[in-house]
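Chemist: The structure follows.
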Amino acid sequence: MKEQLIRHLEGGEAFTPLDQILEEVEYDQLGVRPDGLPYSFYELFYHIVFAQQDILNYILDEDYLAPQWPDGYWCKVQCPKNEQAWQDLKNKFFKERKELIELIERPETNLNTTIKNSKEHTLFREITLIVEHNAYHTGQLLVVLRLLDLYS
């Protein structure tokens with residue numbers, strides 16, 4: 408089960424992996440909101456990264472405090488301030504995904520144990536939530552790329 412969760416975290420089981428989608432977007436297109444959409448590629452990816460970090464914090468931090476919903480989960484700008492900020496955001500996503508994978512891989516990790524901040528939420532539930540959330544928004548990223556004529 409652990410190996411399957413890791414495969415799903417890494418993506419690509421039933422959809423294009425996020426790693427691949429990130430390679431398709433051009434920096435100058437990150438902040439463009441296609442007609443009819445309320446968000447840019449950057450805003451969606453920021454949300455993915457923020458939510459993943461929030462769930463990781465929920466799992467690990469004894470003093471976890473949830474951000475304000477929904478405003479706390481979305482950035483206030485349409486695009487990164489520069490290319491370094493964009494690279495930093497991508498690095499953050501992959502670093503935190505690696506932390507989750509390492510947590511899953513530990514021999515002592517029991518996926519059915521409730522996490523510190525809940526009497527009912529298990530580690531399995533939280534990791535599945537990340538997988539579902541990332542998959543949902545990965546599909547939206549792909550739509551944005553298609554509307555920007557960056558993916559066919």
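Numbering (the numbering used here), first residue to last: 408 to 559.
The C-beta atom is built at its ideal place from N, Cα and C for all residues, glycine as well.
Values in this document were obtained by computation on a predicted structure and should not be read as measured data.
Please name the residue in I466, V439 and D442 whose C-alpha comes closest to that of N519.
Modeler: By one-based count along the sequence shown, residue 519 stands at place 112. With distances taken between Cα atoms, N519 lies closest to I466.
Chemist: Would F457 and Y471 qualify as a contact pair, given that the criterion is a beta-carbon distance under 8 Å?
Modeler: Position 50 of the sequence shown, counting from 1, holds the residue named residue 457. Position 64 of the sequence shown, counting from 1, holds the residue named residue 471. Taking 8 Å as the Cβ cut-off, F457 and Y471 do not qualify as a contacting pair.
Chemist: For S525, which of L555, F422 and E469 has the nearest alpha-carbon?
Modeler: Looking up residue 525 in the sequence shown gives position 118. Checked all of L555, F422 and E469; the closest Cα to S525 is E469.
Chemist: Can you tell me the Cβ-Cβ gap for E431 and L557, rounded? I've got them flagged as a contact below 8 Å.
Modeler: Along the sequence shown, read from residue 1 onward, the residue named residue 431 stands at position 24. Along the sequence shown, read from residue 1 onward, the residue named residue 557 stands at position 150. At roughly 5 Å, the Cβ-Cβ gap stays under 8 Å, so E431 and L557 are in contact.
Chemist: Measure the CB-CB distance between L552 and I428 and report whether it falls below 8 Å.
Modeler: Here residue 552 refers to the residue found at position 145 of the sequence shown. Here residue 428 refers to the residue found at position 21 of the sequence shown. Result yes, Cβ atoms of L552 and I428 sit closer than 8 Å.
Chemist: Take the Cβ of F501 as the centre, count every other Cβ of all protein chains shown within 10 Å, and call the residue buried at 16 or more, exposed below.
Modeler: To locate residue 501, count along the sequence shown from 1; it is residue 94. F501 comes out exposed.
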